[in-house]
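Under numbering that gives the first Met the number 0, the first residue of the sequence shown is numbered 0, with each subsequent residue one higher.
We treat Cβ as the ideally placed atom computed from N, Cα and C, and that holds for glycine.
Each remark here refers to the structure printed beneath this line.
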Amino acid sequence: MNYPQATIVIRAYSDDQGDAIAAREYTLAQANALSHYLQSALPQEYRWITVGGGQSQPVAPPNSATDSAADSAAADDIAINRQRNRRLEILVDTR
């Protein structure tokens, strides 16, 4: 890598299902696991930051299905949005 003193930030997020505290703990564990894996493969001089974002900062509307949302297209949209919100983000800060 061209930036040996870079800070690498790993953020993990979940969808809007389940307990918010459990989601934050789970996503922090995901971010830590990826960080440990990358640290074993990359040079040691990087600074690492991991964030468990849980259900915060959705990138797609986290709509929940209701009884009136029986339409299969609406249910598919909800499932797709939840999938988009379950993600890992990696940021390399070279400052």
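- Taking one beta carbon from each stretch, the stretch 29-48 and the stretch 72-85 have fewer than 3 pairs nearer than 8 angstroms; the two do not touch.
- The C-alpha of Trp47 lies about 24 angstroms from the C-alpha of Val58.
- Within the model, the alpha-carbon separation for Gln56 versus Tyr12 is close to 8 angstroms.
- CA-to-CA, the gap between Asp14 and Gly53 works out to about 8 angstroms.
- Between Ala30 and Asp92, the C-beta gap is not smaller than 8 angstroms, which leaves the two residues out of contact.
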